[in-house]
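In my numbering, the protein residues as written are 43 to 434.
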């Protein structure tokens with residue numbers, strides 16, 4: 043038998059074993075946690091990482107199957123390193139390990155033997171394996187996937203951890219699928235990827251085509267002693283920066299269309315969209331406007347690495363309208379210099395793009411509000427503001 047045919051036969055064998063447990067009762071009141079952890083969070087190319095897959099249940103564990111995925115471009119499986127646990131069912135079990143290097147998957151299935159004794163699992167190791175880092179990678183995931191779980195609506199799923207009604211393997215009733223799973227996963231950065239922390243980025247569709255700016259310098263500049271020191275204690279003065287130049291409301295074409303780009307359409311992170319968290323203010327129609335918070339999360343999605351605030355030029359109060367209310371805010375700011383409390387609101391009041399927030403902006407806003415025409419575009423305002431502010 044060729045290696046290819048042998049590999050296929052092994053896969054089919056496990057699928058057939060899984061099929062034996064595909065038609066038991068379903069239970070949604072049983073809970074299990076499957077945790078994937080790695081011995082290292084950062085490694086050099088050529089180094090080895092030990093991956094541990096453990097489970098916790100509030101029921102007596104029965105047949106199990108757990109596929110774990112890794113990036114085959116960043117890692118290769120160390121030969122003969124897949125090691126199933128020897129302490130699951132008392133009298134032993136049948137296990138089969140599968141690896142498909144191209145797909146980057148290790149799967150181990152456990153079938154209890156007769157006369158065994160089932161037990162509830164408490165962070166019990168199901169199996170371990172080793173990966174060798176072979177290429178730079180930033181926060182590469184080693185993970186189980188919720189969409190793999192065998193359920194009543196996904197009977198072909200290969201991720202399951204069945205249940206016995208009692209600890210006696212011979213007499214217990216079996217609940218095969220339907221448990222509530224909590225999955226926790228690991229990430230490992232490799233080589234130079236470790237030196238590249240996650241950061242905000244502009245999506246390719248907008249890069250170079252729109253005047254979208256991720257401005258990390260402007261907050262420090264605008265709160266400086268020679269500009270607007272009154273804002274030094276503003277709520278967003280410690281943020282990473284501001285983002286501007288995206289027409290999320292549609293004033294650029296005076297609402298001629300019903301479809302405008304969202305912040306999610308224009309922005310991402312160097313680790314991907316799922317590490318971006320956007321919180322909008324209570325604006326009309328749910329549009330993201332001035333004051334929307336843009337946060338970049340770390341690889342574990344547990345820590346905020348960067349915080350930005352969005353600026354929509356002309357909408358100073360963040361209500362998704364550019365109107366006389368905003369014009370009056372500019373007038374008060376020009377006269378009192380203390381009516382606006384955030385850097386984002388002050389920058390939004392620059393409606394002629396000269397990087398000064400003053401009576402000239404009031405005049406332009408008032409004219410636009412009165413005539414409902416001649417709206418400057420966000421791209422024009424962003425480019426003008428950025429050039430003027432950074433050229434000062």
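Built from N, CA and C at the ideal position, the CB exists for glycine as well.
Extent of the continuous alpha helix (DSSP H) run through residue 420
Taken as a continuous stretch (DSSP letters only), the alpha helix (DSSP H) holding residue 420 covers 420-432.
How about the segment 185-198 and the segment 251-270: do they share at least three Cβ pairs that are nearer than 8 Å?
Judged by Cβ distances under 8 Å, the segment 185-198 makes no contact with the segment 251-270, as fewer than three pairs qualify.
Tell me whether the beta-carbon of residue 393 lies closer than 8 Å to the beta-carbon of residue 385.
With a cutoff of 8 Å on beta-carbon distance, residue 393 and residue 385 are scored as not near each other.
Can you confirm whether the segment 177-193 touches the segment 105-117 when touching is taken to mean that 3 or more C-beta pairs between the two stretches lie within less than 8 Å?
The segment 105-117, when compared against the segment 177-193, does touch it at the 8 Å Cβ threshold.
Taking the straight line between their C-alpha atoms, what separation do you get for residue 257 and residue 283?
Their Cα atoms are separated by approximately 5 Å.
Could you round the C-beta distance between residue 335 and residue 320 to whole angstroms and report it? I think they count as a contact, below 8 Å.
Contact between residue 335 and residue 320 holds: CB atoms are separated by about 7 Å, below the 8 Å threshold.
Selection from 322, 279 and 232 that minimises the alpha carbon distance to residue 291
With distances taken between Cα atoms, residue 291 lies closest to 322.
What is the rounded straight-line gap between the Cα of residue 418 and the Cα of residue 255?
Using only the alpha carbons, I get a separation of about 17 Å.
Endpoints, the alpha helix (DSSP H) within which residue 183 is located:
Following the DSSP letters along the chain, one finds residue 183 in no alpha helix (DSSP H) but inside the beta strand (DSSP E) bounded by residues 179-184.
Exposed or buried, what is residue 298 when buried is set at 16 or more other beta-carbons lying within 10 Å of its beta-carbon?
Because the pLDDT at residue 298 is just 49, under 50, the model does not fix this residue reliably, and the value given afterwards should be weighed accordingly. With fewer than 16 other Cβ atoms within 10 Å, it is exposed.
Bridge partners for residue 149 per DSSP, in chain order?
For residue 149, which the question treats as bridged, DSSP gives the partners 109 and 140.
Just the C-alpha distance for residue 288 and residue 308, rounded to the nearest angstrom, thanks.
In this model, residue 288 and residue 308 are separated by some 8 Å (Cα to Cα).
Apart from the five residues on each side of it in sequence, which residues of its chain come closer than 7 Å, Cβ to Cβ, to residue 360?
Annotation for residue 360: 323, 325, 331, 332 and 333 place their beta carbon closer than 7 Å to its own, counting only its chain and skipping 5 residues before and after.
So, for residue 101: in the same chain, excluding its five sequence neighbours on each side, which residues have a beta-carbon less than 7 Å away from its beta-carbon?
Cβ contact annotation for residue 101 (same chain, cutoff 7 Å, sequence separation greater than five): 72, 162 and 205, in chain order.
Alpha carbon to alpha carbon, how far is residue 155 from residue 91? Give it in angstroms, no decimals.
Their Cα atoms are separated by approximately 32 Å.
Between which two residues does the beta strand (DSSP E) containing residue 305 stretch?
Unbroken run through residue 305 is the alpha helix (DSSP H), 305-308; no beta strand (DSSP E).
Residue 417 - DSSP class collapsed to helix/strand/coil
Secondary structure of residue 417 (DSSP, three-state): coil.
Are the CB atoms of residue 314 and residue 86 nearer to each other than 8 Å?
Taking 8 Å as the cut-off, the Cβ atoms of residue 314 and residue 86 do not count as close.
Would you mind sorting residue 64 into buried or exposed? The rule is 16 or more other CB atoms within 10 Å of its CB.
Low local confidence applies: a pLDDT of 37 at residue 64 is under 50, so the model's placement there is unreliable, with the coordinate-based value given in what follows. Taking every protein chain shown into account, the CB of residue 64 has fewer than 16 other CB atoms within 10 angstroms, so this residue is exposed.
Around the C-beta of residue 212, are 16 or more other C-beta atoms found within 10 angstroms, so that it is buried, or is it exposed?
It counts as exposed.
Excluding sequence positions up to five away, which residues of its chain have a Cβ less than 6 Å from the Cβ of residue 423?
Excluding positions up to five away in sequence, the list reads 355 and 395.
Answer yes or no: do residue 312 and residue 318 have a C-beta to C-beta separation smaller than 8 Å?
No; because the gap between Cβ atoms is not below 8 Å, this pair is not in contact.
Is residue 259 buried or exposed, if buried means 16 or more other CB atoms sit within 10 Å of its CB?
Result: exposed.
Which residue from 329, 130, 149 and 273 puts its Cα closest to that of residue 381?
With distances taken between CA atoms, residue 381 lies nearest to 273 out of 329, 130, 149 and 273.
Relative to the C-alpha of residue 229, which residue among 140, 420, 111 and 210 is closest?
Closest option to residue 229, Cα to Cα, is 111.
State the start and end residues of the unbroken alpha helix (DSSP H) segment that holds residue 386.
From DSSP, the alpha helix (DSSP H) with residue 386 extends over 385-390.
Evaluate residue 342 with the Cβ neighbour count: other Cβ atoms within 10 Å of its Cβ, from every protein chain shown; 16 or more gives buried, anything less gives exposed.
By the beta-carbon neighbour count (other beta carbons within 10 angstroms, threshold 16), residue 342 is exposed.
Just the C-alpha distance for residue 427 and residue 83, rounded to the nearest angstrom, thanks.
Cα to Cα, the separation comes out at about 42 Å.
Could you work out which residue in 150, 164 and 347 is closest to residue 75 when comparing CA atoms only?
When each option's Cα is compared against that of residue 75, the closest is 164.
Ends of the beta strand (DSSP E) at residue 336?
It spans 335-339 - the beta strand (DSSP E) in which residue 336 sits, taken as one unbroken run.
What number of angstroms, rounded off, separates the C-alpha of residue 365 from the C-alpha of residue 399?
Rounded to the nearest angstrom, the two C-alpha atoms are 16 Å apart.
Would you tell me roughly how many angstroms separate the C-alpha atoms of residue 168 and residue 363, rounded to the nearest one?
If I take the Cα positions, the gap works out to 57 Å.
What does DSSP give as the partner residue(s) for residue 79 in the beta ladder?
Looking at the DSSP assignment, residue 79 forms a beta bridge with 94.
In angstroms, rounded to a whole number, what distance separates the CA positions of residue 242 and residue 278?
If you draw a straight line from the Cα of residue 242 to the Cα of residue 278, it is about 17 Å long.
Opposing strand residues paired with residue 115 [DSSP bridges]
Beta-bridge partners of residue 115 (DSSP): none assigned.
Report yes if the C-beta distance between residue 266 and residue 383 is below 8 Å; otherwise report no.
In this structure, residue 383 does not lie closer than 8 Å to residue 266 by Cβ.
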